[in-house]
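**Student:** Residue numbers for the sequence shown, in UniProt numbering: 1 to 226. Note that beta-carbon positions come from the ideal geometry of N, C-alpha and C, so glycine has one too.
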Amino acid sequence: MKRNRKTGKTQDKKNQSSGNKKSANKVNRVVKGRQQWADHLTEKAKQENYPARSVYKLMEIQKKFTIIQKGSRVLDFGCAPGSWLLYAAKTAGENGRVNGIDLKSVEIELPSNATAFVGDIFDMNEELAAVVGKGYDVILSDMAPATTGRKDVDEARSIALCQAALKAASDLLETGGNFVCKIFQGGDFKHFENDFKAIFSSHSIFRPESCRKSSKEIYIIGKGRK
Ligand SMILES: C[S@@+](CC[C@H](N)C(=O)[O-])C[C@H]1O[C@@H](n2cnc3c(N)ncnc32)[C@H](O)[C@@H]1O
1 MKRNRKTGKT
11 QDKKNQSSGN
21 KKSANKVNRV
31 VKGRQQWADH
41 LTEKAKQENY
51 PARSVYKLME
61 IQKKFTIIQK
71 GSRVLDFGCA
81 PGSWLLYAAK
91 TAGENGRVNG
101 IDLKSVEIEL
111 PSNATAFVGD
121 IFDMNEELAA
131 VVGKGYDVIL
141 SDMAPATTGR
151 KDVDEARSIA
161 LCQAALKAAS
171 DLLETGGNFV
181 CKIFQGGDFK
191 HFENDFKAIF
201 SSHSIFRPES
211 CRKSSKEIYI
221 IGKGRK
């Protein structure tokens, strides 16, 4: 094996270390690219007066699946800080109605056809259930649990939120209604998908381009409540 007189490294080691450098540079470029993409959407949301970049996910879903129509009555679970509420209210138009529920209050000003309530999907008291009512055309759930960093715990919490949203969709949607639900892939996803199939005429799994590349989230879209 040839040894470089200046560096003292063997030829093989030199190739290896330059290979390592190259792949580290590539990883850095990819991470930087992702970061710029995320920043670009955050900036775009700010300029377009949405409080969160998550609005672009719903826009992509709407473009592909047309879940909200003019005049739709929409219920949005996990609605804070309010981007989906704003976009759904705009899409449903002045004859539409959008209600949202979140553990946190929504601080932005909402249009007259949208209202946000503070509440927990696991603990919908009678008063909240009465004001929220039923007979919705669309139910959205972008709810995300407080994460612990433990994959199994986080997946289980996400599935529990999705099960609660699916139960609400089954109780509150009109026949023919649509449902969009965020879920973290893994764990009990197949089981959840089967429950979903029983309630909707068709369903699709979709990962919007605007999801952070590092995120495990996907959206399951059910059309035509049976
Ligand atoms: C990713 S954010 C939603 C962003 C929202 N779609 C938007 O565009 O502004 C997820 C939300 O889920 C809410 N959430 C989590 N657990 C909930 C629960 N048990 N009941 C209601 N909302 C919940 C959180 O408080 C958080 O605001």
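Let me check understanding here. Comparing Cα to Cα, which of G119, S54, D120 and S105 lies closest to A88?
**Tutor:** Reading the sequence shown from its first residue, position 88 is the one you call residue 88. Here the closest residue by C-alpha is S54.
**Student:** Assuming V98 contacts D76 (C-beta within less than 8 Å), just tell me the rounded distance between them.
**Tutor:** Start at 1 with the first residue of the sequence shown, and residue 98 comes out as number 98. Start at 1 with the first residue of the sequence shown, and residue 76 comes out as number 76. About 6 Å; that satisfies the 8 Å criterion.
**Student:** Report the rounded CA-to-CA distance for S83 versus S141, giving the unit in angstroms.
**Tutor:** As a first step, residue 83 is located in the sequence shown; it is residue number 83 there, counting from the start. As a first step, residue 141 is located in the sequence shown; it is residue number 141 there, counting from the start. Each residue's alpha carbon lies about 13 Å from the other.
**Student:** Buried or exposed: where does A169 fall if 16 or more other Cβ atoms within 10 Å of its Cβ makes it buried?
**Tutor:** For this step, residue 169 is matched to residue 169 along the sequence shown. Counting Cβ neighbours within 10 Å, A169 comes out buried, since at least 16 surround it.
**Student:** With a threshold of 7 Å (Cβ to nearest heavy atom), would D154 be considered close to ligand 2?
**Tutor:** The model depicted lacks ligand 2 and carries ligand 1 instead.
**Student:** Classify C211 as helix, strand or coil using the three-state DSSP reduction.
**Tutor:** By one-based count along the sequence shown, residue 211 stands at place 211. Here C211 sits in coil by DSSP.
**Student:** Give me the Cα-Cα distance between Y56 and E127, rounded to the nearest whole angstrom.
**Tutor:** Within the sequence shown, the letter at position 56 stands for residue 56. Within the sequence shown, the letter at position 127 stands for residue 127. Near 33 Å, if we compare the C-alpha coordinates of E127 and Y56.
**Student:** Mapping the DSSP letters down to three states, classify Y50 as helix, strand or coil.
**Tutor:** By 1-based counting over the sequence shown, the position of residue 50 is 50. Looking at Y50 - three-state DSSP - the assignment turns out to be coil, as it is neither helix nor strand.
**Student:** Can you give me the Cβ contacts of F65 inside the same chain, cut-off strictly under 6 Å, excluding the 5 residues immediately before and after it?
**Tutor:** Here residue 65 is taken as the residue at index 65 of the sequence shown, counted from 1. Cβ neighbours of F65 beyond the five flanking positions: I221.
**Student:** Helix, strand or coil for L85? Go by DSSP, reduced to three states.
**Tutor:** Against the sequence shown, residue 85 aligns to sequence position 85. Helix at L85.
**Student:** DSSP three-state call for K223: helix, strand or coil?
**Tutor:** Numbered from 1 along the sequence shown, position 223 holds the residue referred to as residue 223. Three-state DSSP puts K223 in a strand.
**Student:** With DSSP as the reference, label Q173 as helix, strand or coil.
**Tutor:** For the purposes of this step, residue 173 is identified with residue 173 of the sequence shown, where counting begins at 1. The question names Gln, but residue 173 is Leu in the sequence shown. L173 falls in the strand class under three-state DSSP.
**Student:** Rounded to whole angstroms, what's the CA-CA distance from E209 to D102? Just pull it up for me.
**Tutor:** On the sequence shown, position 209 is the one that residue 209 refers to. On the sequence shown, position 102 is the one that residue 102 refers to. If I take the Cα positions, the gap works out to 25 Å.
**Student:** K223 and F200 - do their beta-carbons sit closer together than 8 Å?
**Tutor:** In the sequence shown, the residue the question calls residue 200 occupies position 200. In the sequence shown, the residue the question calls residue 223 occupies position 223. Their beta carbons are under 8 Å apart, which means F200 touches K223 by this criterion.
**Student:** Give, in chain order, every unbroken run of the alpha helix (DSSP H) that is at least 4 residues long and sits entirely within the segment 97-161.
**Tutor:** DSSP runs (the alpha helix (DSSP H)) wholly in the segment 97-161: 126-132.
**Student:** Taking the continuous alpha helix (DSSP H) assigned at D195, which residues delimit it?
**Tutor:** As a first step, residue 195 must be located in the sequence shown, where it is residue number 195. Run containing D195: F189 to I199, per the alpha helix (DSSP H) assignment.
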